[in-house]
Every structure is written in C-alpha cells, then in structure tokens.
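Chemist: Numbering (my numbering), first residue to last: 1 to 170. Positions of the beta carbon are idealized from the N, C-alpha and C atoms, including for glycine. Take this structure first; my questions come after.
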C-alpha cells in the first residue's frame with residue numbers, strides 16, 4: 001500500500017458519485033492522504049498506513065519543530081483513493097498500472113485506512129469517492145509531503161519505508 005500525505009491548510013474534493021450527484025468533502029487544517037492499494041496488499045498494510053498517518057509528527061510545535069500530529073493540532077484527514085500511485089514507467093513514457101490492486105480488493109483496503117483513522121485513532125476523516133474521477137483542491141502548508149510505502153515490492157527485506165520527498169537545497 002502506498003500513500004502520499006500532504007500537510008494542508010485546507011483541502012476539498014469533488015467527484016461524481018455512484019448516483020451521479022456531486023460529492024463534496026472538505027477539511028481545514030490537516031492532512032490529505034492519497035492512498036493506493038497494490039497487488040498483495042491486505043489488512044496489515046492498510047493498518048500500517050493508517051497508524052503512520054495518525055502518528056506523523058509533521059505539524060510545528062511552539063519551537064517551530066515538526067513535533068505534533070494531526071490529532072495534536074485538532075486537524076482532520078481527507079483520504080482519497082488514487083490507483084495511479086502504483087504506476088510504473090520501466091519502458092517508455094506511458095505508465096502501466098498493472099501493479100495496482102483490483103477494485104474489489106482496493107476499495108475495502110482504502111476504506112479500512114479511513115475507518116481505522118476515525119475509529120482507532122479518533123481522527124476526523126473525510127473521503128473521496130472510490131473509483132470516481134475527482135478534483136482535489138488543496139492549500140499546501142509548508143509544503144510538507146511524505147511518501148509512505150508498505151507495498152510488497154518496497155518492503156522485501158524491510159518492514160516498510162516512510163520518508164519525505166526531498167529536493168536538494170541550492
């Protein structure tokens with residue numbers, strides 16, 4: 001399972017749901033979590049992702065250090081499914097998404113992430129619409145972007161990875 005987590009001042013998602021009616025979810029201060037289940041993922045990967053998101057200390061404390069979690073700051077999490085995180089570009093420039101889990105597998109795993117955040121960690125959670133084309137609007141705060149990867153390929157021989165996406169400073 002892969003998640004790209006961004007610290008935001010605010011965010012919202014709109015989508016066409018199963019009924020054709022627009023869906024709108026929005027949060028103020030918090031995190032946007034773009035979540036993708038890959039082949040071989042199960043409940044333990046979803047739980048790991050949810051636990052990491054809840055515990056991420058990416059909000060500043062009184063000393064300006066990233067020492068506070070989304071719960072510590074009274075924030076919320078917007079969980080949005082995004083199968084394109086499983087895209088691979090081994091050959092050419094057109095991504096292959098064969099690594100993504102089938103919708104019948106992915107939907108309950110992404111929902112498990114949202115449910116665990118809400119019920120096990122007490123985080124206010126909003127979600128997008130699984131499988132829908134969505135528009136996600138957000139105001140990055142920082143920006144702070146963290147990539148969590150607990151997929152089968154990345155965790156071979158490791159217990160999972162979690163690290164920030166960094167660009168070199170000039």
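Which same chain residues, not among the five before or five after residue 43, have their C-beta less than 8 Å away from its C-beta?
Modeler: These residues qualify, in order along the chain: 109, 112.
Chemist: If you draw a straight line from the C-alpha of residue 116 to the C-alpha of residue 95, how long is it?
Modeler: Cα to Cα, the separation comes out at about 31 Å.
Chemist: Only counting runs of 4 or more residues, tell me where the alpha helix (DSSP H) segments fall wholly within the segment 69-130, in order along the chain.
Modeler: Listed in chain order, they are 103-119.
Chemist: On the criterion of 16 or more Cβ atoms from any shown chain inside 10 Å, does residue 97 qualify as buried, or is it exposed?
Modeler: Looking at its Cβ environment, which holds fewer than 16 other Cβ atoms inside 10 Å, residue 97 is exposed.
Chemist: Closest by CA to residue 101, which one among 90, 8, 83?
Modeler: Comparing Cα-Cα distances from residue 101 to each of 90, 8, 83, the minimum goes to 83.
Chemist: Under the three-state reduction of DSSP, which class applies to residue 132: helix, strand or coil?
Modeler: Here residue 132 sits in coil by DSSP.
Chemist: How would you call residue 7, buried or exposed, if buried means at least 16 neighbouring beta carbons within 10 angstroms?
Modeler: Residue 7 is buried by the Cβ-count criterion.
Chemist: From which residue to which residue does the alpha helix (DSSP H) around residue 44 run?
Modeler: Per DSSP, residue 44 belongs to the alpha helix (DSSP H) from 43-55.
Chemist: Secondary structure at residue 149, three-state DSSP: helix, strand or coil?
Modeler: Residue 149 falls in the strand class under three-state DSSP.
Chemist: What is the residue span of the beta strand (DSSP E) that residue 32 lies within?
Modeler: Taken as a continuous stretch (DSSP letters only), the beta strand (DSSP E) holding residue 32 covers 30-36.
Chemist: Can you say whether residue 41 is buried or exposed, counting buried as having 16 or more other CB atoms within 10 angstroms of its CB?
Modeler: So residue 41 ends up on the buried side.
Chemist: Would you mind sorting residue 72 into buried or exposed? The rule is 16 or more other CB atoms within 10 Å of its CB.
Modeler: When all chains shown are included, residue 72 counts as exposed.
Chemist: Are the segment 24-38 and the segment 74-90 touching, with three or more C-beta to C-beta distances below 8 Å?
Modeler: Enough Cβ pairs lie closer than 8 Å, so yes.
Chemist: Closer than 7 Å by C-beta to residue 88: which residues in its own chain qualify, once you throw out the five before and the five after it? Chain order, please.
Modeler: The answer, listed in chain order, is 95, 96, 99.
Chemist: Cα-Cα, which of 118, 150, 132, 5 is closest to residue 107?
Modeler: Minimum Cα distance to residue 107 is reached at 132.
Chemist: Reducing DSSP to helix, strand and coil, say where residue 63 ends up.
Modeler: It is coil, neither helix nor strand.
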